[in-house]
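Undergrad: Right, I'll just put the structure down here and ask away after.
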Ligand code: NAD
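This is how it looks when you write it as structure tokens:
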């Protein structure tokens with residue numbers, strides 16, 4: 037199949053090509069055709085969609101925009117499968133895709149460890165001020181003022197969304213000796229088996245010293261962290277978001293940081309990240325004042341959507357994506373298809 041790969045970075049090219057070579061070797065043994073990968077630096081949007089013409093498959097990432105107009109243009113150009121090389125799919129208009137007969141697949145599972153471990157990295161760095169210590173010691177400043185953290189042992193950690201990633205994060209936190217509470221629309225026995233317990237959505241803030249977000253971005257979860265929920269949190273609580281930027285009302289978080297209500301913020305995702313992340317803007321003027329304000333706080337760490345970025349995760353993402361394309365080419369059932377009305381909302 038001809039695959040137009042959008043937002044293709046060096047590592048996407050490398051790992052997808054390697055996965056395709058592997059798949060090709062297998063396909064040759066089965067006397068079937070391999071895939072033709074055409075890489076495009078540009079993200080998929082109305083300006084770039086024309087290059088997908090003639091490709092049966094468009095392969096996209098987290099910030100490629102797949103609204104109805106883009107999907108119509110894709111379908112008109114002959115694309116029949118949209119393959120997301122990520123888990124979340126809040127950037128795709130699924131109703132429009134279904135109406136156009138476009139199938140949509142994602143990577144349901146790659147490495148929940150990659151994202152959960154990054155959430156822990158953000159938490160440890162914020163709590164123990166690792167980012168500040170790194171800068172200080174490089175300047176021969178070995179003073180400890182301002183670097184005090186707290187023991188995680190014995191603290192209460194709240195996990196919002198106890199699916200694959202939330203569960204791994206909860207397990208790690210249990211290993212630190214934390215009490216773990218959680219909220220999920222669909223509670224799981226696996227979470228309870230960790231010795232964690234579920235509480236009502238409204239009780240999360242009042243009890244937790246640390247809150248980590250692991251639910252998907254949906255109309256229901258948009259801005260679940262807002263002025264009101266921030267106000268209900270324990271004063272000085274730490275908030276970690278490795279899920280999707282839209283879960284947090286950023287301006288409300290800034291006000292909570294200014295007042296000290298929020299004690300620290302670790303972000304791998306940001307509401308307006310599509311204009312910023314995955315590129316080198318170090319010589320540019322950033323015009324997003326909200327983002328710049330966030331970066332001005334000593335108790336905020338932002339990473340640029342890198343939680344998934346481990347060798348294991350990228351390898352699996354690329355292999356799973358091509359497996360889906362092969363399934364589609366062979367007319368087989370798509371194991372990672374996103375159905376319009378999934379049994380369990382994502
Ligand atoms: P998952 O589907 O296994 O788990 C998500 C959980 O959230 C489910 O248990 C679901 O029931 C729950 N949920 C759904 N709606 C909810 C609601 N309204 N309130 C509370 N919980 C709700 O998904 P996962 O693999 O654990 O991934 C979670 C999210 O992490 C993805 O949706 C994606 O946005 C994000 N993610 C980020 C990165 C990154 O690099 N930063 C990488 C992968 C995934």
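Numbering (the numbering used here), first residue to last: 37 to 382. We put the CB at the ideal spot given by N, CA and C, even for glycine.
In its own chain, which residues sit with a C-beta less than 8 Å from the C-beta of residue 147, not counting the 5 before and 5 after it?
TA: Within the chain shown, residue 147 is the residue found at index 111, counting from 1. 344, 346, 348, 349, 352, listed in sequence order.
Undergrad: Report back the beta-carbon spacing between residue 205 and residue 248 to the nearest angstrom; my notes put them in contact at under 8 Å.
TA: The count along the chain shown starts at 1 and reaches residue 205 at position 169. The count along the chain shown starts at 1 and reaches residue 248 at position 212. Sure, about 6 Å apart at Cβ, within 8 Å.
Undergrad: Classify residue 349 as helix, strand or coil using the three-state DSSP reduction.
TA: The sequence position of residue 349 within the chain shown is 313, counting from 1. Here residue 349 sits in helix by DSSP.
Undergrad: I'd like to confirm something about residue 118: is its beta-carbon nearer than 7 Å to some heavy atom of ligand 1, or not?
TA: Numbered from 1 along the chain shown, position 82 holds the residue referred to as residue 118. No - ligand 1 has no heavy atom lying nearer than 7 Å to the Cβ of residue 118.
Undergrad: Does ligand 1 have even one heavy atom less than 7 Å from the beta-carbon of residue 250?
TA: Here residue 250 refers to the residue found at position 214 of the chain shown. Yes, the Cβ of residue 250 comes within 7 Å of a heavy atom of ligand 1.
Undergrad: Is it a yes or a no for the stretch 195-203 touching the stretch 239-259, going by three-plus beta-carbon pairs under 8 Å?
TA: Yes, the stretch 195-203 is in contact with the stretch 239-259.
Undergrad: Should residue 140 be counted as a contact of ligand 1 given a C-beta to heavy atom distance under 7 Å?
TA: Within the chain shown, numbered from 1, the residue matching residue 140 stands at position 104. No, the Cβ of residue 140 stays beyond 7 Å of every heavy atom of ligand 1.
Undergrad: Run through the DSSP bridge pairs and tell me what residue 300 is partnered with.
TA: Your numbering for residue 300 matches position 264 in the chain shown. BP columns for residue 300 point to 274.
Undergrad: Round the Cβ separation of residue 161 and residue 302 to the nearest angstrom and send it over; I've been treating them as touching at under 8 Å.
TA: Start at 1 with the first residue of the chain shown, and residue 161 comes out as number 125. Start at 1 with the first residue of the chain shown, and residue 302 comes out as number 266. Rounded, the Cβ-Cβ distance is 7 Å, consistent with contact.
Undergrad: Any heavy atom of ligand 1 closer than 7 Å to the Cβ of residue 219?
TA: Numbered from 1 along the chain shown, position 183 holds the residue referred to as residue 219. Residue 219 Cβ: within cutoff of ligand 1.
Undergrad: Quick check on residue 38: does DSSP put it in helix, strand or coil?
TA: The residue you call residue 38 lines up with position 2 of the chain shown. It is a strand residue.
Undergrad: Going straight from the alpha carbon of residue 265 to that of residue 277, what length do you get?
TA: Walking along the chain shown from the start, residue 265 turns up at place 229. Walking along the chain shown from the start, residue 277 turns up at place 241. Near 15 Å, if we compare the C-alpha coordinates of residue 277 and residue 265.
Undergrad: Report back the beta-carbon spacing between residue 143 and residue 357 to the nearest angstrom; my notes put them in contact at under 8 Å.
TA: Sequence index remark: in the chain shown, residue 143 carries index 107 (1-based). Sequence index remark: in the chain shown, residue 357 carries index 321 (1-based). Indeed, because the Cβ distance is near 6 Å, the residues count as touching under 8 Å.
Undergrad: What residue ranges within the stretch 229-291 form continuous beta strand (DSSP E) runs of no fewer than 3 residues, ordered along the chain?
TA: If we require 3 residues or more, the beta strand (DSSP E) runs fully inside the stretch 229-291 come out as 246-249, 273-277.
Undergrad: How many Å lie between residue 124 and residue 141 at the Cα?
TA: Numbered from 1 along the chain shown, position 88 holds the residue referred to as residue 124. Numbered from 1 along the chain shown, position 105 holds the residue referred to as residue 141. Going by the C-alpha atoms only, they are around 11 Å apart.
Undergrad: Please say whether residue 240 and residue 191 have beta carbons closer to each other than 8 Å?
TA: Taking the first residue of the chain shown as 1, we reach residue 191 at position 155. Taking the first residue of the chain shown as 1, we reach residue 240 at position 204. Their beta carbons are not under 8 Å apart, which means residue 191 does not touch residue 240 by this criterion.
Undergrad: Residue 255: beta carbon under 7 Å from a heavy atom of ligand 1?
TA: As a first step, residue 255 must be located in the chain shown, where it is residue number 219. No; taking the cut-off as 7 Å, the Cβ of residue 255 has no heavy atom of ligand 1 nearer than that.
Undergrad: What beta strand (DSSP E) runs, 3 residues minimum, are completely inside the stretch 312-380?
TA: Whole beta strand (DSSP E) segments, 3+ residues: 336-338.
Undergrad: If you compare alpha carbons, which of 328, 101, 91 is closest to residue 80?
TA: What you label residue 80 is simply residue 44 of the chain shown in a count that begins at 1. Nearest of 328, 101, 91 to residue 80, Cα basis: 101.
Undergrad: Does the stretch 362-379 touch the stretch 202-221, meaning 3 or more C-beta pairs lie closer than 8 Å?
TA: At 8 Å Cβ cutoff, the stretches do not touch.
Undergrad: Quick check: what's the CA-CA separation for residue 383 versus residue 57?
TA: Residue coverage of the chain in this structure runs from 37 to 382, which leaves residue 383 outside it and unanswerable.
Undergrad: Can residue 313 be considered in contact with ligand 1, in the sense that its beta carbon sits closer than 7 Å to one or more heavy atoms?
TA: Position 277 of the chain shown, counted from the start, is the residue given in the question as residue 313. No.
Undergrad: Does the Cβ of residue 184 have 16 or more other Cβ atoms within 10 Å, making it buried, or fewer, making it exposed?
TA: Here residue 184 refers to the residue found at position 148 of the chain shown. Residue 184 comes out exposed.
Undergrad: Please report the straight-line C-alpha distance between residue 112 and residue 42, rounded to a whole angstrom.
TA: Counting from 1 along the chain shown, the entry for residue 112 is found at position 76. Counting from 1 along the chain shown, the entry for residue 42 is found at position 6. Distance between the alpha carbons of residue 112 and residue 42 is about 18 Å.
Undergrad: I believe residue 340 touches residue 364 by the beta-carbon criterion, under 8 Å. Please report the beta-carbon distance rounded to the nearest angstrom.
TA: Mapped onto the chain shown, residue 340 falls at position 304. Mapped onto the chain shown, residue 364 falls at position 328. About 31 Å; that fails the 8 Å criterion.
Undergrad: Quick check: the Cα distance between residue 73 and residue 116, rounded to an integer number of angstroms?
TA: Position 37 of the chain shown, counted from the first residue, corresponds to residue 73. Position 80 of the chain shown, counted from the first residue, corresponds to residue 116. If you take the alpha carbons of residue 73 and residue 116, they lie about 16 Å apart.
Undergrad: From what residue to what residue does the beta strand (DSSP E) around residue 170 run?
TA: Walking along the chain shown from the start, residue 170 turns up at place 134. Unbroken run through residue 170 is the alpha helix (DSSP H), 166-174; no beta strand (DSSP E).
Undergrad: Measure from the C-beta of residue 217 to each C-beta in chain D and report whether the shortest distance is under 8 Å.
TA: Among the chains in the structure shown there is no chain D, since it carries only a single protein chain.
Undergrad: Can you give me the C-alpha to C-alpha distance between residue 231 and residue 193, rounded to a whole angstrom?
TA: Locating residue 231 in the chain shown gives position 195, where the first residue counts as 1. Locating residue 193 in the chain shown gives position 157, where the first residue counts as 1. Going by the C-alpha atoms only, they are around 13 Å apart.
Undergrad: Taking the alpha carbon of residue 154 as the point to measure from, which residue in 366, 337, 354 has its own alpha carbon closest?
TA: On the chain shown, position 118 is the one that residue 154 refers to. Ranking 366, 337, 354 by Cα distance to residue 154 puts 337 first.
Undergrad: May I have the straight-line CA-CA distance separating residue 179 from residue 86, to the nearest angstrom?
TA: Working through the chain shown from its first residue, we reach residue 179 at position 143. Working through the chain shown from its first residue, we reach residue 86 at position 50. Spanning the two alpha carbons is a distance of roughly 57 Å.
Undergrad: Once the 5 residues before and after residue 103 are set aside, which same chain residues still bring their CB inside 6 Å of it?
TA: Numbered from its first residue, the chain shown carries residue 103 at position 67. Cβ within range, chain order: 129.
Undergrad: Give the list of continuous beta strand (DSSP E) stretches no shorter than 3 residues that lie fully inside the stretch 135-168.
TA: Counting whole runs of 3 or more residues, the stretch 135-168 contains the beta strand (DSSP E) stretches 139-141.
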